[in-house]
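Taking it in order: structure first as structure tokens, then the write-up.
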Amino acid sequence: MNVKFGAPGRIVFREGFAGYPEVVLANKYGSAEVALLGANVLSYRPTGNFPVIFRPAKRDYNRGDAFHGGIPVCWPQFGNRFSKDLPQHGFARKMVFDVRGTSYSEEMTEVTLGLRSSDETKAIWPYEFDLEYTVSVTMKLNLKLVTANAGKTPFAFSAGLHPYFAVRELGGVNVRGLDGADFVNGHDMSTGRQAGDFKVDGTPDHIFTMPATPKHEFAILDSGLRRAIALVSSGNAKTVVWNCGPDHEPVDFTAGDWRKYVCVEPVTEWPGGQKLKPGAKHELLAAIQASLEQT
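Here is the structure:
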């Protein structure tokens, strides 16, 4: 794979997550690791900064295990309210993606991964599709998830990018960019409207409805690391702020890991899906950039 798609010092494939290949992207701006299993961005570290993405210490995963860290791809449903016939967060995160291409320049290092409908996917979801995911490291980490209806029948889907943003301590984090947005609290389905920054404490599970604008801009403000993480997204009608909390830590977490991250997730739609006609495409995009407070 390195012979066909690699570039010394910039794009390197190696055996990695759950025994499947992963690709390391590197340049003067930073580095990222992307697993072919689930197309999960396992890490992102800008040059001169702390790691931006939280990843649990456990390493012995199997293909069927749910991985709670990195930036999982939730597709063709986000959560489990859209279709009870599909697994939680869909099936893409447990599929092995193909490498469709790599590219690099002085300012950019990039990999494009793909997943097409197959007998395996049709046993779960009976539609023809093409899913393409491009990850690039520039001054930012850029993510583009393109859903294409490759069949003759319309289908409904939802998609989400589920970044676990690394923080020093959950209680010292605010999320900016949600002021005025209506939300549903996923714990009890109560509703409300956000006023000012969203202070992350307790166990947030808030689904925000975004305004009908071309893009949405957020900042994860971490007082412990004295860092701001900027997130710009488009193609998402919803944004979810979530943390598992101390009582529901996944089995792949070390006790106390729940304090080390917050998820701010661009989601196409929730709780339902959106229809995609034959031949049509949908793009879900996100860009992530981190900056430390100057002293």
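Going by the numbering used here, the first residue of the sequence shown is number 4, and it counts up by one from there.
Heads up, the beta-carbon is just placed ideally off N, CA and C, and yes, glycines get one too.
Quick one, are the C-beta atoms of residue i and residue j less than 9 Å apart?
i    : j    : result
Q91  : A126 : no
W273 : I210 : yes
R179 : F201 : yes
F100 : G117 : yes
L173 : V55  : no
P207 : V244 : yes
T150 : D122 : no
L144 : T137 : no
A233 : A169 : no
Identify every residue that forms a DSSP beta bridge with residue i.
i    : result
V26  : F16 and V37
D225 : V176 and R230
W78  : G93
K202 : N177
A159 : K278
N246 : Beta-bridge pairing links N246 to no other residue.
K147 : T137 and L288
P49  : G33
H219 : S236
Using three-state DSSP, classify residue i as helix, strand or coil.
i    : result
K241 : strand
A95  : helix
S55  : Residue 55 is actually Val in this sequence, not Ser. Coil, per DSSP.
N43  : coil
R262 : helix
N5   : helix
K278 : strand
E268 : strand
E286 : strand
K125 : helix
A21  : helix
Y64  : coil
T212 : strand
R84  : coil
Y130 : coil
Are there 16 or more other CB atoms within 10 angstroms of the CB of residue i, so buried, or fewer, so exposed?
i    : result
D63  : exposed
V254 : exposed
G104 : exposed
Problem set entry | Segment contact flag, the stretch 162–177 with the stretch 279–295, C-beta cutoff 8 Å, min 3 pairs | As far as the Cβ criterion goes, the stretch 162–177 touches the stretch 279–295, which means the pair count is three or higher.
For this session: Would you check if the stretch 75–84 and the stretch 266–282 touch, i.e. whether three or more CB-CB distances between them fall below 8 Å?
Result: yes
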